[in-house]
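Asker:
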DNA sequence: GTATAAAGTTAGATCAATCTAAACAATGAT
DNA sequence: ATCATTGTTTAGATTGATCTAACTTTATAC
Ligand SMILES: [Mn+2]
Ligand SMILES: [Mn+2]
Ligand SMILES: [Mn+2]
Ligand SMILES: [Mn+2]
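Protein chains in written order, with my numbering: chain A, 1 to 218; chain B, 1 to 218.
1) In the DSSP assignment, the beta strand (DSSP E) including residue 185 of chain A goes from what residue to what residue?
2) Where does the unbroken alpha helix (DSSP H) through residue 73 of chain B begin, and where does it stop?
3) Is any heavy atom in ligand 3 found nearer than 7 Å to the beta carbon of residue 2 of chain B?
4) How would you label residue 109 of chain B, buried or exposed, when you count the other beta carbons within 10 angstroms and need 16 or more for buried?
5) Distance cutoff 8 Å, beta carbons only. Does residue 117 of chain A sit that close to anything in chain B?
6) Near ligand 2, which residues have their beta-carbon closer than 6 Å to a heavy atom?
7) Closer than 9 Å, Cβ to any Cβ of chain B: which residues of the stretch 90-107 of chain A, in chain order?
8) Would you mind listing the beta strand (DSSP E) stretches within the stretch 120-181 of chain A that are 3+ residues and don't spill past its ends, in chain order?
9) To the nearest angstrom, how far is the alpha carbon of residue 201 of chain B from that of residue 173 of chain B?
10) Determine whether the Cβ of residue 167 of chain B lies closer than 8 Å to any Cβ atom of chain A.
11) So does residue 96 of chain A have its beta carbon nearer than 7 Å to some heavy atom of ligand 1?
12) Pull up the distance between the alpha-carbon of residue 139 of chain B and that of residue 18 of chain B, whole angstroms please.
13) Roughly how many angstroms separate the alpha carbons of residue 75 of chain A and residue 117 of chain A, rounded to a whole number?
14) Here's the rule I'm using: 16 or more other beta-carbon atoms within 10 Å means buried, otherwise exposed. How should residue 180 of chain B be labelled?
15) In this structure, does DSSP put residue 42 of chain B in helix, strand or coil?
16) If you reduce the DSSP assignment to three classes, tell me which class residue 18 of chain B lands in.
17) Where does residue 56 of chain B sit, in a helix, a strand or coil, going by DSSP?
18) Does the pairing of the stretch 81-92 of chain B with the stretch 200-214 of chain A give three or more beta-carbon distances under 8 Å?
19) Using the C-alpha atoms, what's the distance from residue 96 of chain B back to residue 23 of chain B?
20) Check each residue of the stretch 171-202 of chain A: if its Cβ is closer than 9 Å to any Cβ of chain B, include it; give the result in chain order.
21) Nearest-angstrom Cα distance between residue 154 of chain A and residue 191 of chain A?
22) Does at least one heavy atom of ligand 3 sit under 7 Å from the Cβ of residue 81 of chain B?
23) Just confirm the distance between the C-beta atoms of residue 93 of chain B and residue 2 of chain B, as a whole number of angstroms; I'd bet it's less than 8 Å.
24) Find the nearest neighbour of residue 90 of chain B within the set A:98, A:213, A:152, A:114, judged by alpha-carbon distance.
25) Below 8 Å on the Cβ atoms is my guess for residue 16 of chain B versus residue 27 of chain B; work out the distance and round it to an integer in Å.
26) Taking the alpha-carbon of residue 51 of chain A as reference, which of A:217, A:71, A:32, A:177 has the nearest alpha-carbon?
27) Step through the CB atoms of chain A and report whether any lies within less than 8 Å of the CB of residue 155 of chain B.
28) Hey, would you say the C-beta of residue 161 of chain A is under 7 Å away from at least one heavy atom of ligand 6?
29) Nearest to residue 210 of chain A by alpha carbon, out of A:21, A:146, A:46?
30) For the beta strand (DSSP E) that residue 208 of chain B lies in, which residues bound it at each end?
31) Report the CB separation of residue 183 of chain B from residue 149 of chain B in whole angstroms; it is logged as a contact under 8 Å.
32) Check whether the stretch 159-178 of chain B touches the stretch 119-132 of chain B, taking contact to mean three or more Cβ pairs, one atom from each stretch, closer than 8 Å.
33) Cα separation between residue 121 of chain A and residue 152 of chain B?
34) Taking the alpha-carbon positions, what's the residue 40 of chain B to residue 66 of chain B distance?
Here's what the structure looks like:
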């Protein structure tokens, strides 16, 4: 059974693989806030276990076994976040830290029960897909709000990143997933967008923010 | 912050203190399934932290600081068990193993929320008291079923031990906490007791079982 | 009271996960 | 092609939690 540390490395590798191209040791060590030698020795360990492809000085990647293991940890993480929000009333900005710990609990029954009680949710509170029991992920191709044009009416469905601060910021603007947004105008100079939503809300969102908001055309 | 291992030692020491007299290293090492030298070095470590009283070759005991810490871990354990049973539908025989892990999660908010959602329960699914936020425990003085006499009508309120097997056994006899029991007869030779309950259930319980069932006179 | 048994301690090793310092390899800029 | 920068690896140490083997102290039994 993978240790807590091993599970965190697998998860980090999976995430890095999905949002960048080649993974270097330094990416991994930075993401996990450990030194490169630490990451290096853990990668060797995971290699021994057949979970990562590794050759000296080459980029790192997960084997299919590794991908599956990683997906299952991510499944536990996201089910937990969803459970904390839906069943325990936590705000979406509070749940990541807790899930980071709960994801390591060894009890298939616990996560199966969360899944059932939640009605087999497909996404977590930040709009990220929840892998199924076999580690399969249904990738949706969403658009960034920043790519929308004036007049577009779209639904906010997910976030590309969900730091505490970003979530707090969205809270302060009353922005939440599922919301319909109207793009009023786009400033070509800096990419600022004016959007309106919820009857009488109107906000100017920076390009930096719009890049992180994923939307779906109805 | 106490590590997972440290928390387990504190909890073991607390439990040993409440159900035996003097605590020897061997009791501790046996309870935690580690070697005596391992327990010995951990006890020294906890002593350094002011959590246990320790002098070479003398019995071990928790300091008041240690007792409080231990109680708070037990609080987390029992709240978790209660939450799993009441809110997630687990059987009382399934929850100990999960709680053994969840009790180490560092998130006061998680346990506060469990407590609220449960309506600040005073006892866990096995009838053991849940310490309050300050680690205070309300000790109830229950009677053992084995001390009851024919004709007694009492309520089953707690268990002195709750191993998986014992809980399964109780399940098979449809015995659960809160139930009213009538003592029909007691066999003086071996202490076997005939009890009736739930309209039409009638069972002979061994002395071994009756010792582990705690009851309250209405 | 001494011998034996039980319980506790010390010493020394291991293993996972981490670190720093130093050496080495690949890249890419002149 | 050379060299500097960047990224990777090795070496060696540390810390927490564990172990076994050997030794010491305390308790128990004749
Ligand atoms: Mn998360
Ligand atoms: Mn984690
Ligand atoms: Mn328990
Ligand atoms: Mn535990």
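Think of the CB as a built atom: it goes at the ideal place given N, C-alpha and C, for glycine as much as any other residue.
Answerer: In short:
1) As a first step, residue 185 of chain A is located in the first chain; it is residue number 185 there, counting from the start. 180-186 is the extent of the beta strand (DSSP E) around residue 185 of chain A.
2) Within the second chain, the letter at position 73 stands for residue 73 of chain B. That run of the alpha helix (DSSP H) goes 64-86.
3) Counting from one through the second chain, the residue named residue 2 of chain B turns up at place 2. Answer for residue 2 of chain B: no, Cβ out of range of ligand 3.
4) Against the second chain, residue 109 of chain B aligns to sequence position 109. Flag for residue 109 of chain B reads exposed.
5) One-based indexing of the first chain puts residue 117 of chain A at position 117. It does: the Cβ of residue 117 of chain A has a partner Cβ on chain B nearer than 8 Å.
6) A:8, A:100, A:103, A:104
7) 90, 94, 97, 98, 101, 102, 104, 105, 106, 107
8) 153-159
9) Mapped onto the second chain, residue 201 of chain B falls at position 201. Mapped onto the second chain, residue 173 of chain B falls at position 173. Cα-Cα distance, rounded: 9 Å.
10) Along the second chain, one-based indexing puts residue 167 of chain B at 167. No, no contact with chain A.
11) Here residue 96 of chain A refers to the residue found at position 96 of the first chain. Checking the Cβ of residue 96 of chain A against ligand 1 gives yes.
12) Taking the second chain and counting its residues from 1, one reaches residue 139 of chain B at position 139. Taking the second chain and counting its residues from 1, one reaches residue 18 of chain B at position 18. When rounded, the distance between both Cα atoms is 11 Å.
13) Numbered from 1 along the first chain, position 75 holds the residue referred to as residue 75 of chain A. Numbered from 1 along the first chain, position 117 holds the residue referred to as residue 117 of chain A. Residue 75 of chain A and residue 117 of chain A: Cα-Cα distance of roughly 15 Å.
14) Here residue 180 of chain B corresponds to residue number 180 of the second chain, with the count starting at 1. Residue 180 of chain B is exposed by the Cβ-count criterion.
15) Numbered from its first residue, the second chain carries residue 42 of chain B at position 42. Residue state, collapsed to three classes: helix.
16) Here the question's residue 18 of chain B lines up with position 18 in the second chain. Of the three classes helix, strand and coil, the one that applies to residue 18 of chain B here is helix, per DSSP.
17) Numbered from 1 along the second chain, position 56 holds the residue referred to as residue 56 of chain B. Three-state result, residue 56 of chain B: coil.
18) no
19) Taking the second chain and counting its residues from 1, one reaches residue 23 of chain B at position 23. Taking the second chain and counting its residues from 1, one reaches residue 96 of chain B at position 96. Residue 23 of chain B and residue 96 of chain B: Cα-Cα distance of roughly 24 Å.
20) none
21) Stepping through the first chain from its first residue, residue 154 of chain A is reached at position 154. Stepping through the first chain from its first residue, residue 191 of chain A is reached at position 191. C-alpha separation (whole angstroms): 18 Å.
22) Start at 1 with the first residue of the second chain, and residue 81 of chain B comes out as number 81. For ligand 3, at least one heavy atom lies less than 7 Å from the Cβ of residue 81 of chain B.
23) Start at 1 with the first residue of the second chain, and residue 93 of chain B comes out as number 93. Start at 1 with the first residue of the second chain, and residue 2 of chain B comes out as number 2. Not confirmed; about 28 Å, so no contact.
24) On the second chain, position 90 is the one that residue 90 of chain B refers to. The shortest Cα separation from residue 90 of chain B among A:98, A:213, A:152, A:114 belongs to A:114.
25) Within the second chain, numbered from 1, the residue matching residue 16 of chain B stands at position 16. Within the second chain, numbered from 1, the residue matching residue 27 of chain B stands at position 27. Between residue 27 of chain B and residue 16 of chain B the Cβ distance is about 5 Å, and since that is below 8 Å, they are a contact.
26) Residue numbering aside, residue 51 of chain A sits at position 51 when the first chain is read from its first letter. The candidate whose alpha carbon is nearest that of residue 51 of chain A is A:71.
27) Translated into the one-based positions of the second chain, residue 155 of chain B becomes position 155. No - not a single Cβ of chain A is within 8 Å of the one on residue 155 of chain B.
28) Absence of ligand 6 from the depicted structure is noted, with ligand 1, ligand 2, ligand 3 and ligand 4 being the only ligands included.
29) As a working mapping, residue 210 of chain A is identified with position 210 in the first chain. The candidate whose alpha carbon is nearest that of residue 210 of chain A is A:146.
30) For the purposes of this step, residue 208 of chain B is taken as residue 208 along the second chain, with counting starting at 1. Per DSSP, residue 208 of chain B belongs to no beta strand (DSSP E); it is in the alpha helix (DSSP H), 207-210.
31) Here the question's residue 183 of chain B lines up with position 183 in the second chain. Here the question's residue 149 of chain B lines up with position 149 in the second chain. Yes, they are in contact, since the Cβ atoms of residue 183 of chain B and residue 149 of chain B sit about 6 Å apart, within 8 Å.
32) yes
33) The sequence position of residue 121 of chain A within the first chain is 121, counting from 1. The sequence position of residue 152 of chain B within the second chain is 152, counting from 1. Each residue's Cα considered, the two are about 51 Å apart.
34) In the second chain, the residue the question calls residue 40 of chain B occupies position 40. In the second chain, the residue the question calls residue 66 of chain B occupies position 66. Roughly 16 Å between the two C-alpha positions.
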